[in-house]
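Everything below concerns the one structure shown next.
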Amino acid sequence: MTTHRAPARDSQNQAPAGAAQTCGEAAPTPRTGQLTHTLGRADFDLITAWIAPGDRVLDLGCGDGTLLKHLIETRGVHGWGVEIDDATVLAAIRNGINVIQGNLEKGLDEFADQAFDHVVLSRTLQTVRHTEGILREMLRVGREAVVSFPNFAYWKNLRSVLEGRMPVSEDLPYQWYDSPNVRFFTLLDFEDLCDRTGLVIRERHVLDEEGNLVENDVNFLGSLAVYRLTLNR
Amino acid sequence: MPGQSVGVVESQRAHFDQPLHLRSGSVLPAYDLVYETYGTLNAARSNAILVCHALSGHHHVAGHYVDQPNNVGWWDNIVGPGRPLDTDRFFIVGVNNLGGCHGSTGPSSLNPATGKPWGAAFPMVAVIDWVHAQARLADHLGIESWAAVMGGSLGGMQALRWSITYPERVRSAIVIAAAPKLSAQNIAFNDVARQAILTDPDFHGGNYYEYGTRPVRGLRLARMLGHITYLSDDQMGEKFGRELRNSAFSFGFGVEFEVESYLRHQGDKFAGHFDANTYLLMTKALDYFDPAREDNGNLTATMARSKANFLIVSFSTDWRFSPARSKEMVAALLASGRDVSYAEIGLNFGHDSFLMDDAHYHGVIDAFLRNIKP
Chain A
1 MTTHRAPARD SQNQAPAGAA QTCGEAAPTP RTGQLTHTLG RADFDLITAW
51 IAPGDRVLDL GCGDGTLLKH LIETRGVHGW GVEIDDATVL AAIRNGINVI
101 QGNLEKGLDE FADQAFDHVV LSRTLQTVRH TEGILREMLR VGREAVVSFP
151 NFAYWKNLRS VLEGRMPVSE DLPYQWYDSP NVRFFTLLDF EDLCDRTGLV
201 IRERHVLDEE GNLVENDVNF LGSLAVYRLT LNR
Chain B
234 MPGQSVGVVE SQRAHFDQPL HLRSGSVLPA YDLVYETYGT LNAARSNAIL
284 VCHALSGHHH VAGHYVDQPN NVGWWDNIVG PGRPLDTDRF FIVGVNNLGG
334 CHGSTGPSSL NPATGKPWGA AFPMVAVIDW VHAQARLADH LGIESWAAVM
384 GGSLGGMQAL RWSITYPERV RSAIVIAAAP KLSAQNIAFN DVARQAILTD
434 PDFHGGNYYE YGTRPVRGLR LARMLGHITY LSDDQMGEKF GRELRNSAFS
484 FGFGVEFEVE SYLRHQGDKF AGHFDANTYL LMTKALDYFD PAREDNGNLT
534 ATMARSKANF LIVSFSTDWR FSPARSKEMV AALLASGRDV SYAEIGLNFG
584 HDSFLMDDAH YHGVIDAFLR NIKP
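Residue numbers (our numbering), protein chains in the order written: chain A, 1 to 233; chain B, 234 to 607.
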C-alpha cells in the first residue's frame with residue numbers, strides 16, 4: 001500500500017475555514033505521481049482551524065510534511081508524521097519535520113495511547129486496506145481524529161461512470177491502473193461505518209472540486225469530505 | 234556520493250589528570266585520549282559533531298595520514314567537503330575510547346603505577362564512562378554543546394547515552410543501527426567471542442604482554458563469529474553461496490567453501506592488529522549498556538531527560554540490532570514527546586550497512602544535518 005496523498009492543485013485562494021470560497025482559476029490538471037503537496041489546499045485550511053495552538057499532532061501519510069509545517073508555522077503545534085515511502089521520508093526530513101517511517105496497515109504500535117490531541121489522515125483513508133483498523137488506531141493514540149477523503153458519489157464521478165469511464169478528478173487524480181486507492185466509498189458509506197463502530201462525528205465539512213464549501217445535497221455535490229471524529233466513550 | 238575526502242589528517246593526543254570515576258566503582262587516576270578533528274570550529278563553537286566509534290573502531294574516522302595514503306578512516310565516505318558530515322559547515326571530532334588499542338589509554342598502555350602494561354588490571358569501562366571522558370575532551374576543545382553526537386552500533390549507543398547524561402550539551406543525536414540494550418541473543422554471541430579469547434592458552438589471564446605473546450587464535454575466532462552477525466544471510470548467499478575454492482570436495486578441514494576463506498581472512502586480518510583485552514572490554518560495555526536501568530527499565534522516563542532532536546536509523550537486513558530494536562527507542566522518544574525522525578533503510582549488508590556509501594542512507598543523514606543551525 002502507499003500513503004501518498006493525492007496531489008492537489010495550486011491555489012492562490014486560501015479562504016479561512018468555514019467561509020465560502022470562490023475560485024476563478026482554470027480547471028486544474030491532475031498531476032499523477034507527484035508527491036509534493038501544495039499549500040492552500042482547502043482541507044488543510046479546515047484542518048488547521050480545528051487545531052489549537054500548541055496541540056500535539058500526528059499526521060498519518062504526512063508526505064513531505066507540508067501540512068505539519070503549515071500547522072507548526074500557523075498554530076505552533078508539536079508535530080510528527082508517518083510516511084512509508086523512502087523518497088518522501090527523505091523530503092520530510094529535509095523539510096525539518098519529525099517523520100517516522102512506517103506502514104499504516106500494520107497499525108500504530110510505536111505510539112502510546114492518547115499521546116496526541118489530533119491524529120490527521122488527509123486524503124489517505126482510501127489508500128488503506130484496513131479501514132476500521134486504522135480508524136480505531138487513530139482514536140487509540142489521539143483524542144480526536146481528522147479524516148478527509150474523496151467522495152466517490154460526487155456527481156462528476158457518477159457521470160463519468162455512467163459514461164463508461166472510471167472517474168479522474170481533482171480529488172481522484174489517478175488513472176485506474178496507477179491509483180494507490182484501494183477503497184472507494186461515499187459520505188453515506190463512511191457515516192454508516194462511523195455509526196456502526198462507535199465513532200462520533202463532531203464536525204463535517206464538504207467541498208466541491210474547486211474547494212468551495214457545499215451545504216446541501218452533500219453526497220451528490222461534494223468532491224471531498226473532511227470529518228472531525230471522536231470515540232463514543 | 235558526491236563531495237570529497239578531507240584528505241591528509243593528523244591525530245592528536247590529550248592528557249587528563251583529573252581522576253575518572255568509573256561505572257564499575259574503579260577510578261582511573263589519569264588517562265590519554267587520542268582524537269582527530271576535521272573542518273574548523275566556528276567562533277561560536279557551535280558547529281561541532283562528535284562521531285563515536287563502534288566495537289573495533291577508533292579516532293581515525295576520515296582522511297588519511299601523509300605517510301600512509303592507504304590508511305583511510307573507517308567512515309571516510311560520509312565526511313568531507315560536500316558530504317553529509319560537511320567539513321565546510323561542521324567541525325568533526327573522532328576519538329578513540331578508553332580501553333581502546335589505538336592510542337588512548339587501554340589495557341595495552343603502560344600502567345604508570347607498575348611500569349608494565351595494564352593488562353588484566355585495566356578497569357572495566359562502560360558506555361557512560363566513555364561519554365564522561367568524551368565530555369572532558371569537549372571541555373578541552375572548548376565545545377560547550379555538540380551540534381550533533383552520532384554513531385552506528387555501539388557508537389549509536391554512545392550518542393543515546395550522551396543525550397541522557399548531558400542533555401544540555403547535545404542538540405541533536407543520530408543513532409544508527411543500535412539498540413537501547415542488548416538482547417539475550419546479543420549477549421550470548423558476545424560471550425562466545427569472549428570465551429574464545431579467555432580460553433586461548435596464550436591469554437595468560439590477560440597479561441599476555443609480559444609473555445611476549447598474544448591470544449591470536451581466540452581473537453581470530455571471536456572476530457569470525459562477530460563477522461557472521463554483521464552480515465545478512467542474503468548477502469552471504471549472494472557473495473559466497475556454496476562456491477568452492479576448487480571445483481570438487483576435498484573431504485578435509487582446509488579451506489573449501491569461499492565463505493570459509495573469507496571469514497578466516499577477516500579473522501586473521503583482525504587478530505593481527507587488534508588487542509584481545511580491548512575486544513573483551515568493548516563487548517562487556519555493549520552487554521552492560523542499558524540506560525533505562527536507572528529508571529527501573531522505563532525507557533520512556535529515561536529518554537524524557539534528553540533534549541536533543543533525534544534521528545534514528547535502522548537497516549532492513551540488520552538482524553544483530555534489527556529495525557524492531559530501533560523502534561523501541563523511537564517509541565520511547567515519542568512517548569516522552571521528543572523530536573524524533575526514524576528511517577528504515579533497505580540495504581542488503583546487514584549490520585554493516587551503516588558503513589556503506591548509499592545515496593538514500595547518506596541523503597537521510599545529509600537532510601537531517603542540513604536542518605541543524607550551527
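Glycine included, each C-beta is placed from N, C-alpha and C at the ideal position.
Please confirm if Ile-72 of chain A has its CB atom under 8 angstroms from at least one CB of chain B. Interface criterion not met: the Cβ of Ile-72 of chain A is under 8 angstroms from no Cβ in chain B.
Measure the alpha-carbon distance for Cys-23 of chain A versus Glu-210 of chain A and round it to whole angstroms. Residue placement at Cys-23 of chain A cannot be trusted, given a pLDDT of 33 that sits under 50; the coordinates are not used to answer.
Considering only residues of the same chain and omitting the five flanking positions on each side of Met-220 of chain B, which have a CB-CB separation below 7 angstroms? Chain B is shown from 234 up to 607; residue 220 of chain B falls before or after that span and cannot be answered.
Could you check if Tyr-575 of chain B is buried or exposed, using at least 16 other CB atoms within 10 Å of its CB as the buried criterion? Buried is the call here.
Going along the chain, which unbroken runs of the beta strand (DSSP E) with 3 or more residues stay wholly within the segment 131 to 190 of chain A? List check, beta strand (DSSP E) in window: 142 to 150.
Nearest to Glu-243 of chain B (by Cα), restricted to the options B:Leu-274, B:His-293, B:Tyr-463, B:Gly-596: Comparing Cα-Cα distances from Glu-243 of chain B to each of B:Leu-274, B:His-293, B:Tyr-463, B:Gly-596, the minimum goes to B:His-293.
Which residue's Cα is closest to the Cα of Leu-588 of chain B: B:His-254, B:Asp-300, B:Val-312, B:Pro-262? Of the candidates B:His-254, B:Asp-300, B:Val-312, B:Pro-262, the one whose C-alpha sits nearest the C-alpha of Leu-588 of chain B is B:Val-312.
Any beta strand (DSSP E) of 3 or more consecutive residues that is wholly inside the segment 399 to 454 of chain B: Listed in chain order, they are 405 to 409.
Between Leu-229 of chain A and Arg-196 of chain A, is the Cβ-Cβ spacing less than 8 angstroms? Leu-229 of chain A is not a Cβ neighbour of Arg-196 of chain A, given a cutoff of 8 angstroms.
Between the segment 519 to 533 of chain B and the segment 347 to 356 of chain B, can you find at least three pairs of beta-carbon atoms closer than 8 angstroms? Cβ pair count under 8 angstroms is below three, so no.
Cβ pair Val-89 of chain A, Gly-54 of chain A closer than 8 angstroms: No.
Proximal residues to Val-241 of chain B (C-beta, below 8 angstroms), its chain only, five neighbours per side dropped: Taken in chain order, the residues that qualify are Gly-296, His-297, Tyr-298, Val-299.
Counting only beta-carbon atoms, is Arg-603 of chain B nearer than 8 angstroms to chain A? Output row for Arg-603 of chain B: interface = yes.
Cα-Cα separation, Ile-107 of chain A to Ala-145 of chain A: Reading off the sequence shown, one finds Gly at residue 107 of chain A, where the question assumed Ile. Approximately 15 angstroms between the Cα atoms of the pair.
C-alpha gap between Trp-155 of chain A and Gly-583 of chain B, whole angstroms: Per the coordinates, the alpha-carbon of Trp-155 of chain A lies some 52 angstroms from the alpha-carbon of Gly-583 of chain B.
If I measure Cβ to Cβ from Glu-105 of chain A and keep anything under 7 angstroms in the same chain, skipping five residues before and after, which residues do I get? Counting only Cβ-Cβ distances below 7 angstroms, and skipping sequence neighbours, we find Met-1, Val-128, Arg-129, His-130.
C-alpha distance - Lys-69 of chain A paired with Gly-375 of chain B, whole-angstrom precision: Straight-line Cα distance between these residues: approximately 35 angstroms.
At the level of alpha carbons, what is the spacing between Gly-579 of chain B and Thr-74 of chain A? Each residue's alpha carbon lies about 35 angstroms from the other.
Length of the line joining the Cα atoms of Ile-97 of chain A and Val-425 of chain B: Between Ile-97 of chain A and Val-425 of chain B, the C-alpha separation is close to 43 angstroms.
Give me the Cα-Cα distance between Arg-427 of chain B and Met-383 of chain B, rounded to the nearest whole angstrom. When rounded, the separation of the alpha-carbon atoms in Arg-427 of chain B and Met-383 of chain B is 27 angstroms.
Work out the CA separation of Val-206 of chain A and Thr-270 of chain B for me, nearest whole Å. C-alpha of Thr-270 of chain B to C-alpha of Val-206 of chain A: approximately 58 angstroms in a straight line.
Contact set between Gly-61 of chain A and chain B, taken where Cβ atoms lie within less than 8 angstroms: Correct list: empty, because the minimum Cβ distance to chain B is about 15 angstroms.
Candidates B:Ile-282, B:Asn-581, B:Ser-405, B:Pro-314: closest to Glu-471 of chain B by CA position: When the alpha-carbon of Glu-471 of chain B is set against those of B:Ile-282, B:Asn-581, B:Ser-405, B:Pro-314, the nearest one is in B:Asn-581.
At the level of alpha carbons, what is the spacing between Arg-450 of chain B and Gln-499 of chain B? Answer to the nearest angstrom: the Cα atoms are 13 angstroms apart.
Contact belief for Ser-559 of chain B with Ile-545 of chain B at Cβ below 8 angstroms, rounded distance in angstroms: Taking the Cβ atoms as the reference, Ser-559 of chain B lies roughly 5 angstroms from Ile-545 of chain B, within the contact range of under 8 angstroms.
Within-8 angstroms CB hit, Val-89 of chain A to chain B: It does; some Cβ of chain B falls within 8 angstroms.
Cα-Cα separation between Gly-605 of chain B and Ala-380 of chain B, rounded to whole angstroms: The amino acid at residue 605 of chain B is misidentified as Gly; the sequence shows Ile. Straight-line measurement puts the Cα of Ala-380 of chain B at about 7 angstroms from the Cα of Ile-605 of chain B.
Using only the alpha-carbon positions, how far apart do Pro-314 of chain B and Thr-186 of chain A sit? Within the model, the alpha-carbon separation for Pro-314 of chain B versus Thr-186 of chain A is close to 54 angstroms.
Using CA atoms only, rank isn't needed, just tell me which of A:Arg-123, A:Ile-134, A:Ile-51, A:Val-82 is closest to Ala-564 of chain B. Out of A:Arg-123, A:Ile-134, A:Ile-51, A:Val-82, A:Val-82 has the C-alpha closest to the C-alpha of Ala-564 of chain B.
On a Cα-Cα basis, can you pick out the residue from A:Tyr-174, A:Leu-60, A:Asn-219, A:Asn-181 that is closest to Phe-116 of chain A? For Phe-116 of chain A, the closest C-alpha among the options A:Tyr-174, A:Leu-60, A:Asn-219, A:Asn-181 is that of A:Leu-60.
For Gly-389 of chain B and Gly-236 of chain B, what's the separation of their Cα atoms in angstroms? The alpha-carbon atoms of Gly-389 of chain B and Gly-236 of chain B are separated by roughly 24 angstroms.
Whole-angstrom distance between Arg-453 of chain B and Gly-505 of chain B, CA atom to CA atom: For Gly-505 of chain B and Arg-453 of chain B, the distance between alpha carbons rounds to 8 angstroms.
Would you call the CB atoms of Leu-496 of chain B and Met-457 of chain B closer than 8 angstroms? A contact, by the Cβ cut-off of 8 angstroms.
Please say whether Gly-222 of chain A and Asn-157 of chain A have beta carbons closer to each other than 8 angstroms? In this structure, the beta-carbon distance from Asn-157 of chain A to Gly-222 of chain A does not fall below 8 angstroms.
Quick check: is the beta carbon of Ser-279 of chain B nearer than 8 angstroms to any beta carbon in chain A? No - not a single Cβ of chain A is within 8 angstroms of the one on Ser-279 of chain B.
Pick helix, strand or coil for Asn-542 of chain B, following the three-state DSSP scheme. Strand, per DSSP.
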